[in-house]
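Trainee: Those protein sequence lines, which keep their order, are chains Y and H.
Under the working numbering, the first sequence has 233 at position 80, and the numbering climbs by one with no breaks.
Under the working numbering, the second sequence has 1452 at position 113, and the numbering climbs by one with no breaks.
Here a beta-carbon is modelled for each residue, glycine too, at the ideal position from N, C-alpha and C.
None of these values were measured; they are calculated from a predicted model.
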Amino acid sequence: AQSVTQLGSHVSVSEGALVLLRCNYSSSVPPYLFWYVQYPNQGLQLLLKYTSAATLVKGINGFEAEFKKSETSFHLTKPSAHMSDAAEYFCAVTTTGNQFYFGTGTSLTVIP
Amino acid sequence: EPEVTQTPSHQVTQMGQEVILRCVPISNHLYFYWYRQILGQKVEFLVSFYNNEISEKSEIFDDQFSVERPDGSNFTLKIRSTKLEDSAMYFCASTLAGARTDTQYFGPGTRLTVL
Chain Y
154 AQSVTQLGSH VSVSEGALVL LRCNYSSSVP PYLFWYVQYP NQGLQLLLKY
204 TSAATLVKGI NGFEAEFKKS ETSFHLTKPS AHMSDAAEYF CAVTTTGNQF
254 YFGTGTSLTV IP
Chain H
1340 EPEVTQTPSH QVTQMGQEVI LRCVPISNHL YFYWYRQILG QKVEFLVSFY
1390 NNEISEKSEI FDDQFSVERP DGSNFTLKIR STKLEDSAMY FCASTLAGAR
1440 TDTQYFGPGT RLTVL
């Protein structure tokens, strides 16, 4: 079975500061990992995905994530937070592509 | 850019009533999914559907739930007799080929409120 754990249900950063959202996964087979963002009253939008190619994955809006097998982690980062980054972020894992397992989400607040 | 659409955006129903949530996946996609998100909780997988059959379903997807592709464009989720605990946001998603490298494209969701 697969699962992801997102540490920190709420993260606050100042505008311009580093964003770090944590995700750890559990999987008995090589996982495929995803980060999605959800803006208020909207659906989930893909930020980036890891599919066993490069371990450092770059996504939209300046976000990137690094797959670290030794740490079973896939943390999401952005060097400089923008007000428009305020949203809910979900990490997800799949091994079959048929069923995704989502974390509980991290709500990002950006302080002006 | 193609997108998944869902109707209605908000559905209010009485406990025990049947509801049908509708989704139009991206036109050339072959795999379809339903997820739900109870307020404040994680997004949970309900069911995947391919070639007019259920591929996988979670323990949440019991006999009260059913899915159907009634025509070439719509993909529906039916809840036969709604319970209070069915109140949630329901998301439809689709992928091109169901491969694990495929991106799941999500619709904006239907908020179901059961009174």
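(1) Do we get a CB-CB distance below 8 Å when we pair H:F1414 with the residues of chain Y?
(2) Counting only beta-carbon atoms, is Y:F220 nearer than 8 Å to chain H?
(3) Can you pull the chain Y residues whose beta carbon is under 7 Å from the beta carbon of H:K1381, in chain order?
(4) Under a three-way DSSP split, which group does H:K1381 fall into?
(5) Extract the residue ranges of the beta strand (DSSP E) inside the stretch 1387-1428 of chain H, only unbroken runs of 3 or more that lie entirely within it.
(6) Under 8 Å between C-beta atoms, does Y:Q155 make it to chain H?
(7) Taking 7 Å as the limit between beta carbons, can you name the residues of its chain near Y:A240, skipping five residues before and five after?
(8) Strictly below 8 Å CB to CB, what residues from chain H border Y:L199?
(9) Strictly under 8 Å for the Cβ-Cβ distance: is Y:T204 near chain H by that measure?
(10) Can you tell me the Cβ-Cβ gap for Y:F220 and Y:L186, rounded? I've got them flagged as a contact below 8 Å.
(11) On the three-state DSSP scale, how would you describe Y:I264?
(12) Taking the continuous beta strand (DSSP E) assigned at Y:K231, which residues delimit it?
(13) Quick one: what does DSSP say Y:S156 is sitting in, helix, strand or coil?
(14) Rounded to a whole number of angstroms, what is the C-alpha to C-alpha distance between H:I1393 and H:E1407?
Mentor: The relevant details are as follows:
(1) no
(2) no
(3) F255, G256, T257, G258
(4) coil
(5) 1392-1396, 1404-1407, 1414-1418
(6) no
(7) V190, Q191, Y192, L261
(8) T1442, Q1443, Y1444
(9) yes
(10) 6 Å
(11) strand
(12) 226-231
(13) strand
(14) 9 Å
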